[in-house]
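Asks:
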Amino acid sequence: LSVALCAGAMRCAATSAASLHHDYCVIGAGPSGLQMAYFLQRAGRDYVVFERGHVPGSFFALYPRHRKLISINKQYTGKSNSEFNLRHDWNSLLSHDRRLLFRRYSHDFFPHADAMVRYLEDFAALLELQVQYNTAIIHVTLDADPEAWNGHYFVLTDQNRQKYKCSSLLVATGTWVPNVVNFPGSEYVEGYETVSINPEDFAGQTVLILGRGNSAFETAENILGVTNFIHMVSRSRVRLSWATHYVGDLRAINNGLLDTYQLKSLDGLLEGDLEDLAIVKDKKGKLHITLRYYLENRNTSAGIDSITLPQDELDNFATRAPYDRVIRCLGWKFDFAIYNRSLRLMPGKGNKNKYPQIKPNYESRGTRGLFVLGTASHSVDFRKSAGGFIHGFRYTTRAVHRLLENRHHGVPWPSTVYPITQLTNSIIKRVNEASGLYQMFSVLADIILLRENATAFEYLEEYPTGVLAELETQTGRKAANGLFVIIMEYGKNFSGADKDVFYYNRAVGEAQHAWQSNFLHPVIYYYKRLPTEREMRLCPPDWPLPRPDAIHHIVEDFLTDWTAPNAHILPLRRFLENCLGTDLRNFFAESCFLFAFTRQKLPPFCQQGYIRMQGLVGTRRLQGHAMEAGLLENYTVTDFAGDKLLSSHEGSQDQDHTVITRQDHTMPVRPLQHVVNAKDE
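Position 296, counted from 1, in the sequence shown is what the working numbering calls 296; the numbers after and before it change by one each time, with no gaps.
#1: Are at least three pairs of beta-carbons, each pair with one atom in the region 48-62 and one in the region 202-219, less than 8 angstroms apart?
#2: Taking only three categories from DSSP, how would you classify leucine 20?
#3: Using DSSP with H/G/I as helix, E/B as strand and the rest coil, what is asparagine 406?
#4: Tell me which residues share the same chain as proline 356 and place their Cβ nearer than 6 angstroms to its Cβ, disregarding the 5 neighbours each side in the sequence.
#5: Of all the options Glu313, Leu450, Pro360, Ser265, which has the alpha carbon lying nearest to the alpha carbon of glutamate 403?
#6: DSSP on leucine 576, reduced to helix/strand/coil?
#7: Using 8 angstroms as the threshold, is the C-beta distance between threonine 175 and lysine 284 below it?
#8: Use the C-beta contact count for phenylalanine 502: other C-beta atoms within 10 angstroms, 16 or more gives buried, fewer gives exposed.
#9: Please confirm whether phenylalanine 39 and arginine 477 have their CB atoms less than 8 angstroms apart.
#10: Is arginine 325 helix, strand or coil when you go by DSSP?
#11: Rounding to the nearest angstrom, what Cα-Cα distance links isoleucine 230 and alanine 514 in this structure?
#12: Cutting at 7 angstroms between CB atoms, please list the residues of its own chain near aspartate 273, excluding the five before and the five after it.
#13: Could you tell me whether the region 258-273 touches the region 213-229, where touching means 3 or more Cβ pairs closer than 8 angstroms?
#14: Please state whether the Cβ-Cβ distance between methionine 488 and leucine 437 is less than 8 angstroms.
#15: What does the alpha-carbon distance come out to for the pair serine 364 and isoleucine 358?
#16: Less than 8 angstroms separating the beta-carbons of tyrosine 164 and leucine 287?
#17: How would you label alanine 589, buried or exposed, when you count the other beta carbons within 10 angstroms and need 16 or more for buried?
#18: Does DSSP put isoleucine 307 in a helix, in a strand, or in coil?
#19: Measuring straight from C-alpha to C-alpha, what distance separates alanine 144 and glycine 366?
#20: What alpha helix (DSSP H) runs, 4 residues minimum, are completely inside the region 223-260?
#21: Using three-state DSSP, classify lysine 352 as helix, strand or coil.
#22: Can you say whether alanine 386 is buried or exposed, counting buried as having 16 or more other CB atoms within 10 angstroms of its CB?
#23: Identify whether threonine 465 lies in helix, strand or coil by the three-state DSSP scheme.
#24: With DSSP as the reference, please indicate the residues paired to glutamate 363 in a beta bridge.
#25: DSSP on glutamine 439, reduced to helix/strand/coil?
#26: Could you tell me whether the region 377-394 touches the region 246-254, where touching means 3 or more Cβ pairs closer than 8 angstroms?
#27: What's the gap between the Cα of leucine 450 and the Cα of tryptophan 413?
#28: First and last residue of the beta strand (DSSP E) that includes aspartate 46?
#29: Note down, in chain order, each residue of its chain lying with its Cβ closer than 6 angstroms to the Cβ of arginine 311, except the 5 sequence neighbours on either side.
#30: With a cut-off of 8 angstroms on the beta carbons, I'd call histidine 112 and glutamate 218 a contact; round off their distance for me.
#31: Exposed or buried, which one is valine 131 when buried takes at least 16 other CB atoms within 10 Å?
#32: Using only the alpha-carbon positions, how far apart do arginine 430 and glycine 151 sit?
#33: Taking only runs that begin and end inside the region 109-194, name each unbroken alpha helix (DSSP H) of 4 or more residues, in chain order.
#34: Taking all protein chains shown into account, decide if threonine 396 is buried (16 or more other Cβ within 10 angstroms of its Cβ) or exposed.
#35: Quick check on methionine 667: buried or exposed, where buried means 16 or more other Cβ atoms within 10 Å of its Cβ?
#36: Quick check: what's the CA-CA separation for serine 106 versus leucine 93?
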């Protein structure tokens with residue numbers, strides 16, 4: 001009996017141990033964590049998502065504090081194409097379930113944050129994602145094992161000291177730790193995360209806000225109508241999103257204080273390093289702004305009367321009026337505290353220090369197998385693209401999943417093979433519809449891999465440009481015969497905090513000046529071979545890719561509709577033809593038949609279509625239209641039975657002949673029936 005009990009206990013222990021090991025562990029059930037869970041589940045992988053809250057997306061239960069999202073929710077675009085519509089839906093995650101489009105949860109252009117909470121709850125529930133709630137991961141370390149995927153396992157410990165072993169770790173915790181600046185008197189500062197959101201609490205008060213991002217302006221917007229005045233101080237100048245084309249900069253929905261500042265209604269903006277400030281509280285509870293160096297070697301507890309203030313030396317000092325409240329709105333940073341030093345997960349440098357250091361494939365620079373998703377991965381495209389926001393990282397998360405599928409399961413990056421005759425159409429279709437290219441401009445690219453002799457091509461969608469040199473190993477696809485890279489770009493000198501984006505003649509309309517386009521537009525890079533890692537490192541400043549063998553800009557379009565035959569399609573086709581040294585036009589069967597007798601090499605359309613009894617169906621009306629448009633030569637068919645023709649072909653056994661006449665040139669042709677058949681086919 002004891003032996004049986006022991007054996008049973010061992011089986012239970014083994015079962016328990018197995019249940020705590022997963023191939024993929026995702027920390028955080030926010031938007032990026034749920035998005036990755038969706039892809040893992042669809043691929044049938046072993047995974048678990050750890051969420052410290054009792055619902056997914058717990059961040060949105062509190063933030064933004066004033067409950068209005070700044071991610072647009074456009075209900076109507078005039079088009080039914082779902083991929084195109086995602087260009088203007090900044091809240092939906094990617095899935096096959098049409099019920100899980102955000103427009104079904106809110107009709108507001110700027111939705112309420114509670115709608116996002118409901119949406120994420122339904123996303124997890126309807127798709128039956130494997131989320132383990134009320135599980136706070138408090139420590140992550142490594143366990144070396146040569147048989148593991150990456151040479152080690154990730155060991156996670158939760159608040160109940162339960163351990164989990166994972167082959168690959170996907171961090172989707174976002175940035176949620178408030179940025180705090182310490183200076184003398186900072187204890188008097190209220191944080192954005194706790195300050196009252198009731199405007200009546202600020203009635204008749206004078207307020208100083210530290211920070212100049214959307215959270216700072218969101219706070220100011222809420223109390224703008226009840227305060228005496230609001231001052232806002234930050235070390236950098238205000239950056240307007242319409243000028244920088246970066247959605248994380250100040251959005252118009254929050255910038256009411258700019259009006260009251262520039263229209264001289266008491267409110268104002270100041271620039272200064274917050275670490276140089278100091279706050280002194282007087283006996284009435286008023287807060288006075290001074291500079292740190294005035295307090296050096298002084299006893300701040302001795303009272304304000306013994307402390308020198310800037311206005312004592314400069315009587316028009318900008319912040320000489322005392323404040324009732326000082327509010328800190330400095331954003332958030334990544335939580336590094338739970339990661340053991342063995343993971344070498346380090347902060348970025350400079351203005352990216354709030355994010356962990358990662359490679360362009362979103363993998364940690366210090367630890368193989370640790371990938372960072374969502375907002376925390378924004379260092380890859382900080383202030384460049386939309387990778388820190390749902391409408392951007394839903395695509396980068398999919399890219400990470402495809403990289404993992406190839407690395408660990410031998411599943412190559414999805415691709416489609418087309419005949420070379422479809423090259424122009426494939427590009428035009430994608431640049432007019434693709435949401436990933438549009439949102440993650442300059443960061444994700446479509447890759448066209450040419451087959452030998454350029455008879456066909458392989459199309460890969462939304463591949464990270466930063467790892468272009470590693471394309472063959474990262475995707476399992478070969479690039480031996482050259483490639484095209486399609487990305488979206490703004491003009492090189494059109495984005496910046498100091499740019500006037502509304503200047504006269506700001507748009508380019510003529511195809512020959514397409515390279516000067518300012519607004520977002522497609523750019524096609526052609527490489528005869530795959531760029532090397534060295535070429536990627538030496539990439540020209542402000543270029544997303546190394547210098548190509550040839551480059552083509554499709555001219556910007558006011559409607560973002562790149563389907564104009566002359567302005568968009570024709571220049572693109574000619575560029576592709578020049579790169580490939582071939583003719584990519586489509587032809588009528590009559591033309592292909594003529595080429596077969598007059599050219600040594602047929603155009604690809606004729607090789608892949610007409611010769612295989614395929615082609616455009618010819619009718620008299622279509623033929624006439626083609627002749628009028630100059631697309632088809634005006635051949636006339638004449639049936640001769642007279643002596644003149646016969647005499648010129650003495651000895652012929654044929655009883656009737658057909659002649660195709662072109663201007664003053666006649667060419668006797670026997671197989672007229674073949675031409676007719678080709679048209680009919």
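Note that the Cβ used here is the ideal one computed from N, Cα and C, for glycine as well.
Replies: In short, the structure shows the following:
#1: No, the region 48-62 does not touch the region 202-219.
#2: Here residue 20 refers to the residue found at position 20 when the sequence shown is read from its first residue. Leucine 20: coil per DSSP, three-state reduction.
#3: The residue you call residue 406 lines up with position 406 of the sequence shown. Asparagine 406 falls in the helix class under three-state DSSP.
#4: By one-based count along the sequence shown, residue 356 stands at place 356. Here the set comprises Phe334, Leu345, Val372.
#5: Taking the sequence shown and counting its residues from 1, one reaches residue 403 at position 403. Inspection of the sequence shows that residue 403 is occupied by leucine rather than by glutamate. The shortest Cα separation from leucine 403 among Glu313, Leu450, Pro360, Ser265 belongs to Pro360.
#6: In the sequence shown, the residue the question calls residue 576 occupies position 576. Annotated three-state conformation of leucine 576 is helix, per DSSP.
#7: Along the sequence shown, read from residue 1 onward, the residue named residue 175 stands at position 175. Along the sequence shown, read from residue 1 onward, the residue named residue 284 stands at position 284. Not a contact, by the Cβ cut-off of 8 angstroms.
#8: Counting from 1 along the sequence shown, the entry for residue 502 is found at position 502. Taking all protein chains shown into account, phenylalanine 502 has fewer than 16 neighbouring C-beta atoms within 10 Å of its C-beta and is therefore exposed.
#9: As a first step, residue 39 is located in the sequence shown; it is residue number 39 there, counting from the start. As a first step, residue 477 is located in the sequence shown; it is residue number 477 there, counting from the start. No, the pair does not count as a contact, with Cβ atoms beyond the cut-off.
#10: Residue numbering aside, residue 325 sits at position 325 when the sequence shown is read from its first letter. Looking at arginine 325 - three-state DSSP - the assignment turns out to be strand.
#11: As a working mapping, residue 230 is identified with position 230 in the sequence shown. As a working mapping, residue 514 is identified with position 514 in the sequence shown. So the two alpha carbons sit approximately 45 angstroms from each other.
#12: Counting from 1 along the sequence shown, the entry for residue 273 is found at position 273. Around aspartate 273: Arg235.
#13: yes
#14: By one-based count along the sequence shown, residue 488 stands at place 488. By one-based count along the sequence shown, residue 437 stands at place 437. Their beta carbons are under 8 angstroms apart, which means methionine 488 touches leucine 437 by this criterion.
#15: As a working mapping, residue 364 is identified with position 364 in the sequence shown. As a working mapping, residue 358 is identified with position 358 in the sequence shown. Answer to the nearest angstrom: the Cα atoms are 4 angstroms apart.
#16: What you label residue 164 is simply residue 164 of the sequence shown in a count that begins at 1. What you label residue 287 is simply residue 287 of the sequence shown in a count that begins at 1. It is not a contact, given that the beta carbons lie outside the stated cut-off.
#17: Against the sequence shown, residue 589 aligns to sequence position 589. Buried, since its Cβ has 16 or more Cβ neighbours within 10 Å.
#18: Position 307 of the sequence shown, counted from the start, is the residue given in the question as residue 307. Coil, per DSSP.
#19: For the purposes of this step, residue 144 is identified with residue 144 of the sequence shown, where counting begins at 1. For the purposes of this step, residue 366 is identified with residue 366 of the sequence shown, where counting begins at 1. Cα-Cα distance, rounded: 15 angstroms.
#20: 241-244
#21: Along the sequence shown, one-based indexing puts residue 352 at 352. In the structure shown, lysine 352 sits in a helix (DSSP, three-state: H, G or I).
#22: Here residue 386 corresponds to residue number 386 of the sequence shown, with the count starting at 1. Buried: at least 16 other Cβ atoms inside 10 Å.
#23: By one-based count along the sequence shown, residue 465 stands at place 465. The answer is helix: DSSP assigns threonine 465 an H, G or I state.
#24: Taking the sequence shown and counting its residues from 1, the one referred to as residue 363 is at position 363. Beta bridge pairing from DSSP links glutamate 363 with Phe371.
#25: For this step, residue 439 is matched to residue 439 along the sequence shown. DSSP places glutamine 439 in helix when its eight states are reduced to three.
#26: Judged by pairs of C-beta atoms under 8 angstroms, the region 377-394 touches the region 246-254, as three or more such pairs exist.
#27: In the sequence shown, the residue the question calls residue 450 occupies position 450. In the sequence shown, the residue the question calls residue 413 occupies position 413. Using only the alpha carbons, I get a separation of about 16 angstroms.
#28: Counting from one through the sequence shown, the residue named residue 46 turns up at place 46. Segment: none, aspartate 46 is in no beta strand (DSSP E) and carries neither H nor E.
#29: Here residue 311 refers to the residue found at position 311 when the sequence shown is read from its first residue. The sequence shown places glutamine at residue 311, not arginine. Excluding residues within five positions, the ones whose Cβ falls inside 6 angstroms are Phe317, Arg320.
#30: The residue you call residue 112 lines up with position 112 of the sequence shown. The residue you call residue 218 lines up with position 218 of the sequence shown. Not really, about 14 angstroms apart at Cβ, beyond 8 angstroms.
#31: Here residue 131 refers to the residue found at position 131 when the sequence shown is read from its first residue. By the 10 Å Cβ count, valine 131 comes out buried.
#32: Translated into the one-based positions of the sequence shown, residue 430 becomes position 430. Translated into the one-based positions of the sequence shown, residue 151 becomes position 151. Approximately 39 angstroms, taken between the alpha carbons.
#33: Scanning the region 109-194 from its first residue to its last, the whole alpha helix (DSSP H) runs of 4-plus residues come out as 113-126.
#34: As a position in the sequence shown, residue 396 is number 396, starting the count at 1. Counting Cβ neighbours within 10 Å, threonine 396 comes out buried, since at least 16 surround it.
#35: Residue numbering aside, residue 667 sits at position 667 when the sequence shown is read from its first letter. Its pLDDT being 35, under 50, methionine 667 is placed unreliably by the model, and nothing is read from it.
#36: Stepping through the sequence shown from its first residue, residue 106 is reached at position 106. Stepping through the sequence shown from its first residue, residue 93 is reached at position 93. Looking at the backbone, the Cα of serine 106 and that of leucine 93 are separated by about 15 angstroms.
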